[in-house]
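Here the structure is laid out as structure tokens; the discussion comes afterwards.
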Amino acid sequence: MIKLNELVAAYTTVRGSVKAVDGVDLSIPEGNIVGIAGESGCGKSTLLKVVYGDLTYPLALEQGEVSYGFADNDGQEVTSATIQEYWFKRISYIPQSSMSSLNPVIRVRKQFIDFLEPKASKDETLDRVRQYIQQLELPVEALDAYPHQLSGGMRQRMMVALATFFQPDIILADEPTTALDVVVQKGILLLLLKLQRQMGNTILFVSHDMGVHFQISHRMIIMYAAKVVEYGESPDVFSAPLHPYTRMLIESLPDIGDDHLRAGVSGRPPSLWDDLSGCRFAARCPLATELCRQEEPPLTEHRPNHFAACHFAGEDIPDVEPPL
Ligand SMILES: Nc1ncnc2c1ncn2[C@@H]1O[C@H](COP(=O)(O)OP(=O)(O)OP(=O)(O)O)[C@@H](O)[C@H]1O
Ligand SMILES: [Mg+2]
């Protein structure tokens with residue numbers, strides 16, 4: 003079990019500190035693919051950085067910790083404060099833009115070797131890497147290239163290869179396919195899925211694309227303004243969403259063969275600098291009442307393994323005429 007215990011993480015800025023993850027508290031069973039969705043700026047990437055233990059200025063963990071379900075050699079439970087020692091070996095991270103994550107002046111093959119145990123000889127290591135690349139049906143020549151010589155899709159496949167080489171227990175992937183065309187996207191997702199099935203690792207996967215989440219995730223985390231507003235098993239979240247925000251995200255998905263324009267999610271999330279008392283979604287919510295504006299709803303288990311932070315979780319949303 004990976005446990006996110008009451009995480010509060012904030013960025014230091016010239017205007018003061020801003021909480022981009024504000025009280026996230028949940029457990030993730032091993033071997034799950036967990037999708038993370040929510041509009042831009044709601045804290046998805048920050049949450050992944052916290053789980054990776056990549057807490058460098060201006061980001062700091064103000065409260066809470068992550069535990070990963072394994073101990074170090076001394077029997078101490080590994081947490082977000084000590085996970086750095088296990089980067090690549092037990093947890094790996096595919097950041098939002100692969101262009102910046104592979105060092106542009108270093109050939110791809112050296113980036114692999116740099117992460118391998120120093121005790122293995124260079125030739126031996128390179129052999130293992132070549133074998134692995136072949137196993138993934140990727141071109142071995144890509145290892146001799148510099149990252150900018152590869153297409154975006156190939157770079158991202160090499161990132162997936164690098165991130166899975168050690169068979170880590172946990173893989174964090176931040177929009178690994180955004181900005182790539184649909185066919186390439188699909189290829190990369192299939193590669194990641196195939197590896198996940200073989201290795202049984204836990205994947206935390208950020209995407210704006212609810213269609214992708216529907217296809218690949220076992221569980222969903224929906225974030226809004228630095229908070230988790232819904233968390234549950236994907237079939238439940240997609241078939242019976244509890245939070246009005248989740249419903250809006252799902253309803254903005256076009257059905258196949260549907261040529262109507264969808265309403266989408268109107269309005270924008272509040273700035274994290276604003277007064278955020280009450281429910282953060284209240285200003286956009288068709289169900290909001292005075293209670294919602296006054297009192298923040300806690301994340302509550304409304305059905306088995308299905309959590310939502312809403313005073314009116316699961317209640318029908320009245321039909322409103324869509325604006326022309
Ligand atoms: N380096 C930083 N310094 C200050 N504030 C930051 C920094 N990085 C992110 N933030 C703020 O933290 C909040 C959450 O950002 P984050 O990148 O986690 O969002 P996100 O959900 O990943 O968005 P996107 O979908 O656009 O990638 C945003 O309001 C953002 O402005
Ligand atoms: Mg992001």
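Residue numbers for the sequence shown follow the working numbering, so the first one is 3 and each next one is one higher.
Even glycine gets a Cβ: it sits at the ideal position worked out from N, Cα and C.
Residue burial annotation: Val208 is buried, with at least 16 other C-beta atoms found within 10 angstroms of its C-beta. Each of Ser241, Arg92, Asn34, Pro31 was checked against the Cα of Gly55, and the nearest Cα belongs to Arg92.
DSSP places Thr204 in no alpha helix (DSSP H) but in the uninterrupted beta strand (DSSP E) bounded by 204 to 208.
Within the chosen limit of 8 angstroms, ligand 1 reaches the beta carbon of Thr15 through at least one heavy atom. Every unbroken stretch of the alpha helix (DSSP H) spanning 4 or more residues and falling wholly within the segment 41 to 93 is given here in chain order: 46 to 54. Between Gly155 and Leu197, the gap from beta carbon to beta carbon reaches 9 angstroms or more.
The nearest non-hydrogen atom of ligand 1 is less than 8 angstroms from the C-beta of Val20.
The C-beta separation of Met225 from Lys5 comes to about 18 angstroms, leaving the pair out of contact by the 8 angstroms criterion. Annotated as distal: Val186 and Ala144, with beta-carbon spacing of 9 angstroms or more. For Gln187, the CB stays at least 8 angstroms from every heavy atom of ligand 2.
Per DSSP, Val184 is one residue of the alpha helix (DSSP H) stretching across 184 to 201. When the Cα atoms are used, Ala315 and Ala290 turn out to be separated by approximately 11 angstroms.
With contacts defined as CB atoms closer than 9 angstroms, Ile173 and Ala163 fail to qualify as a contacting pair.
Taking C-beta atoms as the reference points, Pro288 and Pro320 count as a pair closer than 9 angstroms. Between Gly66 and Glu126, the C-beta gap is not smaller than 9 angstroms, which leaves the two residues out of contact. Under the three-state reduction of DSSP, Thr180 is assigned to coil, being neither helix nor strand. Look at which beta carbons fall closer than 7 angstroms to any heavy atom of ligand 2; those residues are Lys46, Ser47, Gln98, Asp176, Glu177, Val208. Proximity of the beta carbon of Ser103 to ligand 1 is not indicated: no heavy atom of the ligand is located closer than 8 angstroms. Rounded to the nearest whole angstrom, the C-alpha separation of Val231 and Cys312 is 7 angstroms.
With fewer than 16 neighbouring CB atoms inside 10 Å of its own CB, Gly18 falls in the exposed class. A distance of 9 angstroms or more separates the beta carbons of Tyr148 and Pro97. In the displayed model, Ala163 falls within a helix according to three-state DSSP.
Relative to ligand 1, the beta carbon of Leu61 is positioned inside 8 angstroms of a heavy atom. A buried status is given to Thr248, since no fewer than 16 other beta-carbon atoms sit within 10 Å of its beta-carbon.
Excluding its 5 nearest sequence neighbours in each direction, Val68 has C-beta neighbours in its own chain below 8 angstroms: Ile4, Lys5, Leu6, Asn7, Leu9, Val52, Val53, Gly55, Thr81, Ser82, Ile85, listed in chain order.
Val239 sits in a helix when the DSSP states are folded into three classes.
A straight-line Cα-Cα distance of about 25 angstroms links Ala227 and Gln217.
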